[in-house]
Amino acid sequence: MVAPGLVLGLVLPLILWADRSAGIGFRFASYINNDMVLQKEPAGAVIWGFGTPGAAVTVTLRQGQETIMKKVTSVKAHFDTWMVVLDPMKAGGPFEVMAQQTLEKMNFTLRVHDVLFGDVWLCSGQSNMQMTVLQVFNATRELSNTAAYQSVRILSVSPIQAEQELEDLVAVDLQWSKPTSENLGHGYFKYMSAVCWLFGRHLYDTLQYPIGLIASSWGGTPIEAWSSGRSLEACGVPKQGSVPYNSVTGPSKHSVLWNAMIHPLRNMTLKGVVWYQGESNTNYNTDLYNCTFPALIEDWRETFHRGSQGQTERFFPFGFVQLSSDLSKKSSDDGFPQIRWHQTADFGYVPNPKMPNTFMAVAMDLCDRDSPFGSIHPRDKQTVAYRLHLGARALAYGEKNLTFEGPLPEKIELLAHEGLLNLTYYQQIQVQKRDNKIFEISCCSDHRCKWLPASMNTFSTQSLTLAIDSCQGTVVALRYAWTTWPCEYKQCPLYHPSSALPAPPFIAFITDQGSGHQSNVAK
């Protein structure tokens, strides 16, 4: 027979453990933490987490001793999750977010403090997005320039793969933080993303309210790893596991980064996304990129809109960097220009009918022969971020009369009898230098075609003529900057005069050979 005192000694710890265990699983989602930025009005920010099925959860937003709002929900039985949507808030702060779980007579409380409301941007892609502030030109100066930007908060997701879509992040490399020289330049290709940080800094300079930046990127990865199975299937991407291409050095298995590094963020209310990827597709499923990239954008938009209970805009702004240049032989000669073209869904410009509400930073003139990280990793991320932020100001924030893209021809006129092609641009152009190789014509005779250089002839503020007398046959197409390395640093021939934005690459087909025929390239 066991003594009563011993029984009591056994039972009491069990009771205490049972009481405590009811709160063990109660937590915020992994990225809800001190110093975070939540999306401001007109959207409502989503607060969610995990708890005990059936328990009630009360989320309170406080500023000092004042309660701003309370939202009550319950933990879903099958998912062990809870979620509330806060009322839209003006930009500012700081606030405290408190969540309390109540089950029978037990209460458990969570708190995060120094929370700001502003605009939240997700930054993703491969190594050029992953490059840290430590790796850019004038790194010491950039790393020390943080005092004025304490309302720009940063978070960096850990590089993780998963075979299935995850509900929450497995880990973060850098939890929400105020910027410091240490967390902006934490090693090479670690954190914090230079493009992301510099983009956010430009936005803060313009908007003067808090900006939240989430970096989720992994070097050497193809778009297939960042895409859901749905979007890959829609594009007819062949199913294969390993990828024997030297341009792919990171995880390549379909959807593994979508599953682990993007899908867990879907409940978050976002302002928009910026993306820098494509190098790993310059010789891997290259021909499908004009489908896989627009499909990724559409799928991310739908997923984040649904995950945030409709708070993230259905067609939220999506910006991206058109590929820069590379001296290595990892990709085919045509790989880089093909991806640059496919990044625009073969329109040559964005936004376009297949890619609404998108903006692009052209980077082919930002080459870096001497980059210690290889020429594929140019160090001038400041200009990349500046060009990106121009697109964001125009597309995401509706700023009028702002030039955010370089000049494209709106009309190409074949003057065969004069041996000329006349290009009329929809913007003013500045001819920085004459280049007799960067324009090429497709010259066909005897059912065979080859690309020949078309030298720059005369030009004015919005037009340019090319000499095509090198073609003894029929001119059927024209292309510009259709090479891996089109020009030296900021030395391409054509720019917009006031914004210094380079003319993007294009290819246009001339279908009617009558003299004076016009081909439209851009709006």
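Numbering (mature numbering (1 follows the signal peptide of the UniProt record, and there is no 0)), first residue to last: -18 to -1, 1 to 505. Just so it is clear, CB atoms sit at the ideal spot from N, CA and C, and this is done for glycine as well.
Close-in-space but distant-in-sequence residues of the same chain around residue i (CB under 7 Å, 5 per side omitted)
i: Asp451; result: Gly401
i: Cys431; result: Ser424, Cys425, Val458
i: Pro70; result: Glu23, Pro24, Ala25, Gly26
i: Ser12; result: Asp150, Leu151, Val154
i: His184; result: Ala367, Tyr368, His371
Residue i burial status per 10 Å Cβ neighbour count (16 or more: buried)
i: Ala242; result: buried
i: Pro486; result: buried
i: residue 506; result: This structure cannot speak to residue 506, because the chain is shown only from -18 to 505.
i: Arg288; result: exposed
i: Trp179; result: buried
i: Glu295; result: buried
Euclidean distance between Cα positions of residue i and residue j
i: Ser262; j: Met51; result: 47 Å
i: Glu124; j: His168; result: 13 Å
i: Asn334; j: Glu280; result: 13 Å
i: Asp101; j: Glu78; result: 18 Å
i: Arg44; j: Met80; result: 8 Å
i: Phe491; j: Arg375; result: 33 Å
i: Phe300; j: Val256; result: 6 Å
i: Ala327; j: Gln82; result: 48 Å
i: Leu68; j: Tyr186; result: 24 Å
i: Gly260; j: Tyr170; result: 20 Å
i: Leu239; j: Pro479; result: 41 Å
i: Thr409; j: Asp308; result: It should be noted that the sequence gives Gln, not Thr, for residue 409. Each residue's Cα considered, the two are about 29 Å apart.
i: Ser290; j: His236; result: 25 Å
i: Leu137; j: Asp155; result: 8 Å
i: Leu195; j: Arg135; result: 6 Å
i: Leu434; j: Ile489; result: 14 Å
i: Val54; j: Lys160; result: 30 Å
i: His245; j: Lys87; result: 35 Å
i: Gly254; j: Gly182; result: 12 Å
i: Tyr258; j: Glu48; result: 42 Å
i: Asn339; j: Ser106; result: 18 Å
i: Phe298; j: Val230; result: 29 Å
i: Glu284; j: Gly74; result: 28 Å
i: Gly455; j: Thr443; result: 31 Å
i: Thr385; j: Gly7; result: 51 Å
Close Cβ partners of residue i (< 6 Å) along its chain, the five nearest in sequence each way excluded
i: residue 579; result: Within the shown structure, residues of the chain are numbered from -18 to 505, placing residue 579 beyond reach of any answer.
i: Pro484; result: Val344, Asp347, Gly388, Cys474, Tyr477
i: Ser445; result: Thr406
i: Lys382; result: none
Test: residue i CB closer than 7 Å to a CB of chain C
i: Asn404; result: Protein chains in the displayed structure number just one, and chain C is not present.
Same chain, Cβ closer than 8 Å to residue i, five either side skipped, listed in chain order
i: Gly36; result: Ser56, Val57, Ala59, Leu85
i: Ala277; result: Ser209, Ser213, Leu214, Ala216, Cys217
i: Tyr403; result: The sequence as given places Leu at residue 403; Tyr does not occur at that position. If we look at Leu403 and ignore the five residues flanking it on each side, its Cβ neighbours are Ile394, Glu395, Leu396, Leu397, Ile423, Ala436, Thr447, Leu448, Ile450, Val457, Leu460.
i: Ser357; result: Ser307, Asp308, Leu309, Ser310, Cys349, Asp350, Arg351
i: Ser126; result: Ser163
*Are the segment 382 to 399 and the segment 425 to 438 touching, with three or more C-beta to C-beta distances below 8 Å?*
Between the segment 382 to 399 and the segment 425 to 438 there are fewer than three C-beta pairs closer than 8 Å, too few to call the two in contact.
*Looking at C-beta atoms only, is the number of pairs between the segment 111 to 129 and the segment 266 to 285 that lie closer than 8 Å three or more?*
no
_Meets three-Cβ-pair contact criterion under 8 Å: the segment 361 to 372 and the segment 335 to 349_ = Contact annotation: the segment 361 to 372 touches the segment 335 to 349, with at least three C-beta pairs closer than 8 Å.
_Does the contact criterion of 3 or more C-beta pairs under 8 Å hold for the segment 273 to 286 versus the segment 29 to 48?_
no
*Enumerate, from N- to C-terminal direction, the unbroken beta strand (DSSP E) stretches of 3 or more residues contained entirely within the segment 92 to 158.*
134 to 139
*Pairing CB atoms from the segment 408 to 426 with CB atoms from the segment 466 to 481, are three or more of them under 8 Å?*
Output reads yes: the segment 466 to 481 touches the segment 408 to 426.
*Where in the segment 165 to 210 do unbroken runs of the beta strand (DSSP E), each at least 3 residues long, occur, reported from the N-terminal end onward?*
Within the segment 165 to 210, the runs of beta strand (DSSP E) that reach at least 3 residues and sit entirely inside it are, in chain order, 193 to 199.
*Just list the beta strand (DSSP E) runs in the segment 453 to 503, keeping only unbroken ones of 3 residues or longer that don't cross its boundaries, in chain order.*
456 to 462, 488 to 491, 499 to 501
*Just list the alpha helix (DSSP H) runs in the segment 210 to 249, keeping only unbroken ones of 4 residues or longer that don't cross its boundaries, in chain order.*
For the segment 210 to 249, whole alpha helix (DSSP H) runs of length 4 or above, ordered along the chain, are 211 to 216.
*Considering only residues of the segment 259 to 338, which uninterrupted beta strand (DSSP E) runs meet the minimum length of 3 residues and lie entirely inside it, listed in chain order?*
Look at the segment 259 to 338 and you find these whole runs of beta strand (DSSP E), each 3 residues long or longer: 300 to 303.
*Where in the segment 397 to 423 do unbroken runs of the beta strand (DSSP E), each at least 3 residues long, occur, reported from the N-terminal end onward?*
Fully enclosed beta strand (DSSP E) runs of 3 or longer: 402 to 407.
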